[in-house]
Amino acid sequence: MKSYLQNATLSAEASKLIVMGFHHECQHQELLVYDLQHLLADQYRPVRKNSLPTPSTIEQKPVKVKGGLYTMGYNGSDYCYDIELPEHKIYLKDYRIDSLPVTNEHYLKFIEDGGYNDYKFWLSDGWEKVKENNWNAPMYWEKIGGQWMTQDFVGKRKINPKEPVCHVSFYEAT
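Going by the working numbering, the letters in the sequence shown line up with residues 216 to 389, in that order.
Okay, here's the thing in structure tokens:
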């Protein structure tokens, strides 16, 4: 079969369908991983064989990005998701962005400084979600005996302050 596929001549339409099928399968795999973490969270007790790697200690600093007219979206003939269409122009003002992802250490400071209790840090519909769902930390975070813990495929473990923060919603990330 592998030899056949490597030597087969496919029509443009067949190639397009195969690529779309591949991307569709990737979506299923992503959802499966999500479901496994979400549904098995209470029962999952992995056996650790190795310790996790320690993230490096690169200095995090803001980077200036010059504003202007930028192109967003996709305008090619290869596969893309419908949400990537159409290609369009957008004007951005000058802004600054961190050079590295936000770490758990920085996010913990946000939590400890009352970030989940102050509407000033939230978009209006995000603040509604915080109140409606009693959010006080990212999904899979839990404070046990004064210690912040997370649950992932490694099992339940202490939050590593140097790791990038994960499992935050759009509203928590903004």
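Backbone N, C-alpha and C fix where the C-beta goes; we use that ideal spot for every residue, glycine too.
Beta-bridge annotation (DSSP): Gly283 is paired with Leu307. For Pro277, the closest alpha carbon among the candidates Gln252, Leu300, Pro316, Leu247 is that of Pro316. Put simply, the backbone Cα of Ser218 is about 51 Å away from that of Tyr322. When C-alpha distances from Trp363 are compared across Thr224, Gly341, Lys324, the shortest belongs to Lys324.
Approximately 7 Å separates the beta-carbon atoms of Asp367 and Gln252; this is inside 8 Å, confirming the contact.
Under a 10 Å Cβ-count criterion, Ala223 is classified as exposed, with fewer than 16 other Cβ atoms of the shown protein chains found around its own Cβ. A straight line joining the alpha-carbon of Ser339 with that of Glu228 spans about 45 Å.
Beta-bridge analysis with DSSP links Pro277 to Asp313. In the DSSP annotation of this structure, the continuous segment of the beta strand (DSSP E) that includes Trp363 starts and ends at 362-367. In terms of Cβ geometry, Lys308 and Leu284 do not form a close pair [threshold 8 Å].
For Lys324, the uninterrupted alpha helix (DSSP H) segment begins and ends at 319-327. Here the C-alpha atom of Lys231 lies approximately 23 Å from the C-alpha atom of Leu246. When the beta-carbon positions are compared, Asn351 and Tyr331 come within less than 8 Å of each other.
Here Lys358 is not near Thr318, since their CB atoms are 8 Å or more apart. Taking C-alpha positions only, Ile298 is separated from Val248 by approximately 22 Å.
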